[in-house]
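Before any comments, here is the structure.
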Amino acid sequence: LMAQEALTITVKGVNHAPVLEPIGSLELLAGERLEYQCLASDPDAGDMLTWRLVNAPIRMGIDEDSGMLVYASIDGEEAVYTVTVEVTDNGLPPLIDSETITVTVKRINSPPILEPVGSHEVVVGSRLDVPCQANDPDTGDTLTWVLFNPPPRMTINPVTGLLVYQPVAGDEGTLTVSVQVWDNGDPPLYDEETVTITVLPGAYITGPPYAVINNRVELLFHGIAQAEPWHVQWDHDGTVIPDQTDETLVIESVTYDDAGWYTATQISDTKAEPVSASFYLNVVEAVPLKWWTVIAVVASLMAQVGLRKRMKPMQLIKRKNQRF
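Using the working numbering, read the sequence shown as starting at 829 and increasing by one per residue.
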């Protein structure tokens, strides 16, 4: 006896793995929704591709047929996820291509908030300290302080925000400067305020350009305006002059020993910062001739000499005429 059966033998070609197009790194801001279309091809015509994610966080998925990758982030989220995207064909055996990608969720950066700095006044020769302050809604941000268009001798500590200004004579008046505070977010953001600073004249002493021996001399101290009571301390070449607390210093009969530097210090009764001014007193034996007086005298003498020289020929001519 003999039995037989017809068999169908199908010879398939060798299966080739699908080819996943590079995805790279993906980014989105906290609270946003990410949609990314993954793409792949297969050398074997007719192969069907299936997509899946490995090690995906919650709220992240991929459509197994279309390859659409989706992630829904939440407000305030800040994270970096490492995920593997796989694409598999239906060949025999099934083959895979994959790529490990990073998905970065960045928080939305908020600018820092600068507390009002306000307007300030400073007297020439003194120092102005203004502690600037700010806060940032984003925890962990580092703040940096900057001045835009500051005058000479004005600085700000980039870390602490302490603004320091030390004006000198000639800086009197009103100026404006921009105080800026920057965070280190992505992108960096800042807040700023235009600050007005008024520089007031400093204290000074008025007196004569020189003092003649045995004459009376007055030196007058001009202090700065203060609401609180204050008094003056005078010193001569570093030695305090006793019983002199008024703005006016009187020397009834000047001697050579009275020449030198006089310093008046304005001392507030409420412990405000002292303000000083100095004046140099010259002592002479007699009133010196002014320079223009000296020039006039010299010019007059020179003119007289020149006139005499011009007159000599005339005198000779007259004498000759008299002989004839």
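We treat Cβ as the ideally placed atom computed from N, Cα and C, and that holds for glycine.
Quick caveat: nothing in here was measured; it's all calculated off a predicted structure.
- Residue range 888-890 is occupied by the beta strand (DSSP E) that includes MET888.
- Contact check for PHE1049 against GLU1021 fails: the beta carbons are separated by 7 Å or more.
- DSSP places GLY1088 inside the beta strand (DSSP E), whose first and last residues are 1088-1096.
- DSSP places VAL996 outside any beta strand (DSSP E), giving it a letter other than H or E.
- Setting aside the 5 residues that flank it on each side, TYR1084 is surrounded in the same chain by VAL1111, each with a C-beta closer than 6 Å to its C-beta; the list follows chain order.
- Scanning ASP999, THR912 and ASP903 for the CA closest to the CA of LEU854 turns up THR912.
- A Cβ-Cβ separation of about 27 Å leaves GLY1030 out of contact with VAL1082 under the 8 Å criterion.
- At least 7 Å separates the beta-carbon of ASP1019 from that of LEU956.
- With 16 or more other Cβ atoms from the protein chains shown falling within 10 Å of its own Cβ, ILE890 counts as buried.
- Beta-bridge pairing by DSSP links SER926 to GLU914.
- Taking a C-beta distance under 7 Å as the contact criterion, VAL1023 and VAL1009 do not qualify as a contact pair.
- One thing to note: GLY1013 has its Cβ within 7 Å of the Cβ of ASN937.
- For GLU1021, the enclosing beta strand (DSSP E) begins and ends at 1018-1028.
- Per DSSP, reduced to three states, the secondary structure at ASP1085 is helical.
- The C-alpha of MET830 is placed about 47 Å away from the C-alpha of PRO846.
- Fewer than three pairs of CB atoms, one per stretch, sit closer than 8 Å, so the region 944-954 makes no contact with the region 914-928.
- Straight-line measurement puts the Cα of VAL1068 at about 15 Å from the Cα of LEU1047.
- Apart from sequence neighbours up to five positions away, the residues of its chain that approach PRO1016 with a beta-carbon distance below 7 Å are TRP1010, ordered along the chain.
- With contacts defined by Cβ atoms closer than 7 Å, THR930 and VAL915 do not form a contacting pair.
- Between HIS948 and ILE1025, the C-beta gap is smaller than 7 Å, which places the two residues in contact.
- Within a 10 Å sphere around the beta-carbon of THR988 sit fewer than 16 other beta-carbons, which makes this residue exposed.
- In this structure, DSSP gives HIS844 a state outside helix and strand, which the three-state scheme calls coil.
- Between the alpha carbons of VAL1060 and ALA1092 lies a distance of about 6 Å.
- The beta carbon of ILE1079 sits closer than 6 Å to those of VAL1045 and ASP1086, all from its chain and outside the five residues before and after it, given in chain order.
- Looking only at ALA873, GLY904 and LEU862, the smallest Cα-Cα distance to MET896 is reached by LEU862.
- Judged by beta-carbon spacing, LEU991 lies within the 7 Å limit of CYS960, meaning their Cβ atoms are closer than that value.
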